[in-house]
Structure formats: structure tokens, C-alpha cells
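A.B. asks:
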Amino acid sequence: MASSSVVMNMNKLLSYNCNTESQAFSQKTQFHSPLNINQNHYATRLSSETLSLKPNKPAGAILQKHLPRCTTTTTPTTADDVLDATKEVEESIKVLKKAAKTRKVEKGEVLAALAVIKKANKDIDPSSFLDTLGGTQSPGNTWMLIFTSKDKIKKGSYFPITAVQRFDAAGKRIENGVYLGPLGCLTFEGKFSWKKRILAFTFELLKIKIGPLPPVKINLGTQEDKEPSTKDPFFIWFYVDEEIAVAQGRGGGTAFWCRCRRVAA
1 MASSSVVMNM NKLLSYNCNT ESQAFSQKTQ FHSPLNINQN HYATRLSSET LSLKPNKPAG
61 AILQKHLPRC TTTTTPTTAD DVLDATKEVE ESIKVLKKAA KTRKVEKGEV LAALAVIKKA
121 NKDIDPSSFL DTLGGTQSPG NTWMLIFTSK DKIKKGSYFP ITAVQRFDAA GKRIENGVYL
181 GPLGCLTFEG KFSWKKRILA FTFELLKIKI GPLPPVKINL GTQEDKEPST KDPFFIWFYV
241 DEEIAVAQGR GGGTAFWCRC RRVAA
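Following the UniProt record's numbering, the numbering of the sequence shown begins with 1 at its first residue and continues without gaps.
1) Below 8 Å on the Cβ atoms is my contact criterion, and I expect residue 114 with residue 230 to pass it. Report the Cβ-Cβ distance as a whole number of Å.
2) Assuming contact is defined by CB atoms lying nearer than 8 Å, are residue 191 and residue 218 in contact in what I supplied?
3) Cα-Cα, which of 166, 102 and 108 is closest to residue 135?
4) May I ask you to list the residues that DSSP assigns as paired with residue 256?
5) Once you ignore the five residues that flank residue 234 on each side, which residues in its own chain have a CB closer than 8 Å to its CB?
6) Rounded to the nearest angstrom, how far is the Cβ of residue 220 from that of residue 206, given a contact under 8 Å?
7) Residues bridged to residue 223 by DSSP?
8) Rounded to whole angstroms, what's the CA-CA distance from residue 150 to residue 186? Just pull it up for me.
9) To which residues of the same chain is residue 193 closer than 6 Å at the C-beta, ignoring the five residues directly before and after it?
10) Please state the DSSP three-state secondary structure of residue 52.
11) Please report the straight-line C-alpha distance between residue 259 and residue 214, rounded to a whole angstrom.
12) Taking C-beta to C-beta, are residue 107 and residue 156 nearer than 8 Å?
13) Which stretch, first to last residue, makes up the alpha helix (DSSP H) that contains residue 129?
14) Which first and last residues belong to the beta strand (DSSP E) in which residue 92 is found?
15) Please name the residue or residues paired with residue 166 in a DSSP beta bridge.
16) Would DSSP call residue 110 helix, strand or coil?
17) For residue 111, count the other beta carbons within 10 Å of its own beta carbon; 16 or more makes it buried, fewer makes it exposed. Which is it?
18) Apart from the five residues on each side of it in sequence, which residues of its chain come closer than 6 Å, Cβ to Cβ, to residue 138?
19) So, helix, strand or coil for residue 205, using DSSP?
20) Measure the Cβ-Cβ separation of residue 264 and residue 143 and say whether it is below 8 Å.
21) From residue 80 to residue 90, what distance separates their C-alpha atoms?
22) Count the other C-beta atoms from every protein chain shown that fall within 10 angstroms of the C-beta of residue 161, then say buried if there are 16 or more, exposed otherwise.
23) Using the C-alpha atoms, what's the distance from residue 196 back to residue 129?
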């Protein structure tokens, strides 16, 4: 009887130790994603940890024998991740500049490049965008529309005719023109406002020129004292340098322009 009692007590003790350490292991073992992406989309940090059981008790030895050991997962470092993203943006800019010069880059490549730049826009400093777009003196700078895409950048095409926009940062003026060579041109003139990377605009005057005839001017009746806002048409600029500019319009489509000379009407 005494022997049976001792065996029963040892079994109870062993069972208690196993249950206790098993519960402790379950509480400690919480798996998390090893990759946490912050607001900049690229910085990462490790959050996994190595767990092990201490074999200082019989139950611990049993659990350690039959349960797998948890290990850390290797992930890219923050510096490597940011460097890769920077290279991807730089390569995308090269693609767009080549497309602007040749118009022979495949549409899929252009769309992919636009998507990369759009995704990375929060990491690109917009402080110089306005001066680059519109210069520091009137009449500003002119930009030719090269390629347009639809919402989500799934489809797009090279713009088939000559469309040029002029931005005058000093005078906060905008001009949008479509030029058809000797046939004539159609231009809209107005004003714009700038906030961070958003350029909102309204048109006040329409000019129509047909062949050698003098242009016809039509007042569009915009309130002169009203500053354009995001309730009006606008562009969100993702990237601007001395050669190309990338932006999304109010309708959700993304396009890019190249710097050009002013087109004569």
C-alpha cells in the first residue's frame, strides 16, 4: 500500500509539473510577424525572439524532448531595405526619362515605373517641387504631357497630340494648351494655389485659334477673389525634377510630363 501510495503521489507530481510548464510555455510562445512596416513603408525592425525550455525539472526535460525549439527569422536590415527602395525609384525615373525622349518604352514598363514612384512619394521631399515646376520668375516653366494612365495605374498610353502646361510660380498662374500645328490651338488660362504637394487650379479664360485667324477669347466667369481648393481640379505631385514631373489628377489617373520649350500658338 505504501509503495502504491508513493507511486500515485509521484504520478500526480509529474502530471502537475507537466501541466504547469506546458501552460507557461503556451503563455510565453506568441508568434509575431518578424517584419513591421512603419509609415515610411521601408524601415523594418525585428520583433521575434528565441524561446527555449530550461531542463531543470523532469517535466521540462519531457517537454524539451518532444516540442520543437523556436528560432528567429532573418529579415533585411533597415539600411538595406531603404537602399533597395531608393534604387528602385532611381531606375523608374530613368525609365520615364527614356520614355519621354523616345516614346518607345513599352507601356507596361512605364506603368510599372509610375506605380513605383507613386508608392514612394511619401519618402520624396516636395519642398522644391513648386519652384521646379513654375520657376522663380514669370512666365514660369512649360511641361509637355507624355503619358497618361487610368485609376490604379493598370492601363495607360502615350498622349497622342501635343499638350503643354505652363506653371508660373511667381504669379500663381497656369496655362493648359492643346496645339495642332497650323490647324490651330486651344488654351485655358487661370490661377492656382499650392499646399504641400497639391496644386489646385481654376480656369478663367479660354482661347481658341483656328489657322491664321486671330484667337477668340471666352471668359469662363470664374470668381477672381476665390482661391482654388481641392473642390476644384487639382494635381498631387509625386515627383518633380528639372526633366520630368509625375502627378495624379483629381479623377485618380496618374501622368507624367517632360520639361519643354514654350510652344508658339
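We treat Cβ as the ideally placed atom computed from N, Cα and C, and that holds for glycine. Quick caveat, the model's predicted, so the values are computed rather than measured.
C.D. replies: On the basis of the data shown:
1) Actually they do not touch by this definition, with Cβ atoms about 22 Å apart.
2) no
3) 166
4) 147 and 246
5) 198, 199, 200, 201, 228, 249 and 250
6) 6 Å
7) Answer by DSSP bridge pairing: none, since residue 223 is not bridged.
8) 24 Å
9) 200, 227 and 228
10) Bear in mind that the predicted position of residue 52 carries a pLDDT of just 36, short of 50, making it unreliable; the figure below should be weighed with that in mind. Residue 52: coil per DSSP, three-state reduction.
11) 28 Å
12) yes
13) 129-134
14) It is not in any beta strand (DSSP E) - residue 92 instead sits in the alpha helix (DSSP H) that spans 78-102.
15) 142 and 175
16) helix
17) buried
18) 168, 170 and 171
19) strand
20) no
21) 15 Å
22) exposed
23) 9 Å
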